[in-house]
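Colleague: For the sequence shown, my numbering begins at 27 and goes up steadily by one.
All residues carry an ideal CB built from backbone N, CA and C; glycine is no exception.
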Amino acid sequence: MENVNREPEQRNSLSGSSKPGKVDLEHFDDKEVKRAVFKMDLTILPVMTIIQLFALLDRFNLGNARVAGLQKDLEITDHQYQIAVMVALVPYILSQLPANLLLQRVGSHILIPMLVMIRGVIVVAEAFLTSFRGLFSAQFFLGLFDGPLFPGILLYLSGCYTREELSFRIALFFSGASLSGAFSGLLAGAIATMDGVGNKPSWAWIFILEGLVTVLVGLAAFFLIPATPQESKFLSSRQKKIVVQRLQRDRPVANLLHGFNIKDVLSVVVSPHVLISCAITFFLGVNSSGLAYFLPSMVNQLGFSPNETQLLSVGPFAAAFAITLITAYLSDRFNARAAVIVGIELLSVVGYSFFLASSGIYASYAALYLITPGAYAMVPIISAWFANNTEPHYRRATSIAFGIILSNSGAVLSTWNYPTKDGPKFRKTTIMNLTFSLVMIVLTILNAILLSRSNRKKKARKSKILSPYASQDEPDGGPRACRDISSLWAMSNFPNHLDVLILAITWYLV
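Structure below.
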């Protein structure tokens, strides 16, 4: 993805509000701004949501295939099945950071569709598996080409929307995750009737049909995804200018630096708020991935038949879809990340407690309607927290990738937490997930306090740093400050000119 702020001749004064839809853009009224953003929503978000939907359908259909008889037909043990799930996560994790750093060079309009198509081909190939060795190989390559997708799309969206509208857009895109859980159950239930067609079991048809649709989605994406909003085929030149100005005013620091610098990457590793957020995403990855991979098995072990299991798996994911959109909207509307995250995790705490205490199968099943939203609804908000507090492009790319790497490291742990012999309550795992939910609440509050203190310090130093450039019309220095600071940075080394760094971050966060 190319940097949307790359054109210096389009830089404008940095003064004015950075609220989305409320900025006083020169030459444009609010209605025109809203129409441009809405049109961008219609041309970008549906494509990304469909890609996410089928990416997760392909990734998690292994659980539905297991219920439909894959494990029995391939004659693999529970331990081998867990290895097959885990092996996909190794290349999945290792491919994320390099792919995010390459995304700008290759172009998101090329890399994302290509990855989708390759993944679809691999899923179709899984229909012809005959042994554990084949399953192991297919899962490895599926993880390799699946890993870059989610962080890549997050990075792409962060370059298309302002900070305060990003969480809800991520939620719309991430809704594909919740919908995939719902649709996978419905599709698997419908495909179960194809058992024996073409001398293939129903689990093979799950792979064939979902994989073919994924290939078609990837092919269509080549023609629908623009490299940047400026290159969209669906926006007028005036609407493109609106989008560019909004982004430049919301993220002026993105104009200061846009070249790759290894120090930018390394600086993310020692950033306290990134480290705390990464810890949160690790625990979140344990809880959410466990549900994604094993919720059908959990429902099945409560005593429901295979067909009932496929259909009953829909409800908790549908609830997660609704709660994800509502909480992300509230997070953007009130500019409150931490408070909403804590509220979501309280759902998990109540759900896991209820699941442990309940004795009936229906009460245990009902608890999943709290547990699942408590895991899924948090993802868009914590993702926006990463993207909104790290600049410029390569630092943001690195922080997003690290967050997802830690999340998927948690997913590795989750693959070993649901052995069949521990069902249906999986008591040890449930207690662990409950503990992780409580820890995430504590870490979220700690991170909010840290960011609040940091912002207060930056505000205190802001007027001093900008005073040589400030005027009555441009209290923040305007384009002259931006130009001079950019030149200063180009001549400096990272450990020096600390005020330059503080100014850049101040412009971004305040």
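By how many angstroms is the C-alpha of ILE77 removed from the C-alpha of LEU460?
Modeller: Taking the straight line joining both Cα atoms gives about 31 angstroms.
Colleague: Return yes when the Cβ of LEU351 is within less than 8 angstroms of the Cβ of GLY377, no when it is not.
Modeller: Not in contact: GLY377 and LEU351 (Cβ atoms no closer than 8 angstroms).
Colleague: Near VAL438, what residues of its chain come up, given a Cβ to Cβ distance below 7 angstroms and the 5 sequence neighbours on each side ignored?
Modeller: Cβ neighbours of VAL438 beyond the five flanking positions: MET112, LEU115.
Colleague: Mapping the DSSP letters down to three states, classify ASP358 as helix, strand or coil.
Modeller: It is helical.
Colleague: My assumption, with CB atoms under 8 angstroms, is that ILE367 sits in contact with ILE408. Please give the rounded CB distance.
Modeller: Sure, about 7 angstroms apart at Cβ, within 8 angstroms.
Colleague: When the Cα of ALA164 is compared with those of PHE233, VAL296, ASN90, THR75, which residue comes out closest?
Modeller: Nearest C-alpha to ALA164: PHE233.
Colleague: Give me the Cα-Cα distance between VAL25 and MET74, rounded to the nearest whole angstrom.
Modeller: No statement about residue 25 is possible, as the shown extent of the chain runs from 27 to 536 and does not include it.
Colleague: So, helix, strand or coil for PRO406, using DSSP?
Modeller: PRO406 falls in the helix class under three-state DSSP.
Colleague: Helix, strand or coil for ASN126, going by three-state DSSP, please let me know.
Modeller: Reduced to three states, the DSSP call for ASN126 is helix.
Colleague: Please return the same chain residues whose Cβ sits closer than 7 angstroms to the Cβ of ILE217, not counting the five positions on each side in sequence.
Modeller: Here the set comprises SER228, TRP231, ILE232, LEU235.
Colleague: So, is GLY329 buried or exposed, given that buried needs 16 or more other C-beta atoms within 10 angstroms?
Modeller: The residue is exposed, with fewer than 16 neighbouring Cβ atoms inside 10 Å.
Colleague: Only counting the same chain, and skipping five residues up and downstream in sequence, which positions put a Cβ closer than 7 angstroms to that of PHE260?
Modeller: Here the set comprises LYS65, THR69.
Colleague: Does the distance from the CB of PRO177 to the CB of ILE426 come in under 8 angstroms?
Modeller: The answer is yes: Cβ separation under 8 angstroms.
Colleague: Out of ILE119, VAL295, THR455, which one is the CA nearest neighbour of PRO312?
Modeller: According to the sequence displayed, residue 312 carries Val and not Pro. Minimum Cα distance to VAL312 is reached at THR455.
Colleague: Hey, how far is the Cα of GLY341 from the Cα of SER379?
Modeller: GLY341 and SER379: Cα-Cα distance of roughly 20 angstroms.
Colleague: What number of angstroms, rounded off, separates the C-alpha of GLY185 from the C-alpha of SER201?
Modeller: Whole-angstrom Cα-Cα distance: 20 angstroms.
Colleague: Measuring straight from C-alpha to C-alpha, what distance separates LEU83 and ALA214?
Modeller: Approximately 10 angstroms, taken between the alpha carbons.
Colleague: What's the call for GLY89, buried or exposed, on a 16-neighbour Cβ count within 10 Å?
Modeller: When all chains shown are included, GLY89 counts as buried.
Colleague: Once DSSP output is grouped into helix, strand and coil, what is the label at THR455?
Modeller: Three-state result, THR455: helix.
Colleague: Who are the Cβ neighbours of THR446 in its own chain at under 8 angstroms, not counting the five residues just before and after it?
Modeller: Excluding residues within five positions, the ones whose Cβ falls inside 8 angstroms are ASP104, SER323, GLN327.
Colleague: Which residues in the same chain have their Cβ closer than 8 angstroms to the Cβ of LEU238, if we skip the five residues on either side of it in sequence?
Modeller: Here the set comprises GLY146, VAL150.
Colleague: Just to check my reading of the structure: ASP276 and THR416 have Cβ atoms closer than 8 angstroms, yes? What is that Cβ distance to the nearest angstrom?
Modeller: In fact, because the Cβ distance is near 14 angstroms, the residues do not count as touching under 8 angstroms.
Colleague: Leaving aside the five residues before and after SER303 along the sequence, list all residues of the same chain whose C-beta is less than 7 angstroms from its C-beta, in chain order.
Modeller: These residues qualify, in order along the chain: ILE408, TRP411, PHE412, GLY429, ASN473.
Colleague: Give the single residue among THR307, PRO174, SER263 whose Cα lies nearest to the Cα of PRO406.
Modeller: Of the listed residues, the one whose Cα sits closest to PRO406 is THR307.
Colleague: For ASP99, collect the residues of the same chain with a Cβ closer than 8 angstroms to its Cβ; drop the 5 residues on either side in sequence, then sort them by chain order.
Modeller: Answer for ASP99: PRO227, TRP229, listed in chain order.
Colleague: Just to check my reading of the structure: ALA348 and ILE370 have Cβ atoms closer than 8 angstroms, yes? What is that Cβ distance to the nearest angstrom?
Modeller: Their Cβ separation, rounded to whole angstroms, is 13 angstroms, which puts ALA348 and ILE370 out of contact at 8 angstroms.
Colleague: Leaving out five residues on either side along the sequence, give the residues of the same chain with a beta carbon under 7 angstroms from the beta carbon of LEU373.
Modeller: So the list reads LEU396, PRO399, GLY400, once near-sequence residues are dropped.
Colleague: Among ALA247, GLN274, LEU242, which has the Cα closest to the Cα of GLN256?
Modeller: For GLN256, the nearest C-alpha among the options comes from GLN274.
Colleague: Whose C-beta lies closer than 8 angstroms to the C-beta of LEU128 among residues of the same chain, with five residues either side of it excluded?
Modeller: Same-chain partners within the cutoff: LEU137.
Colleague: Assuming contact is defined by CB atoms lying nearer than 8 angstroms, are MET140 and PHE309 in contact in what I supplied?
Modeller: Not in contact: MET140 and PHE309 (Cβ atoms no closer than 8 angstroms).
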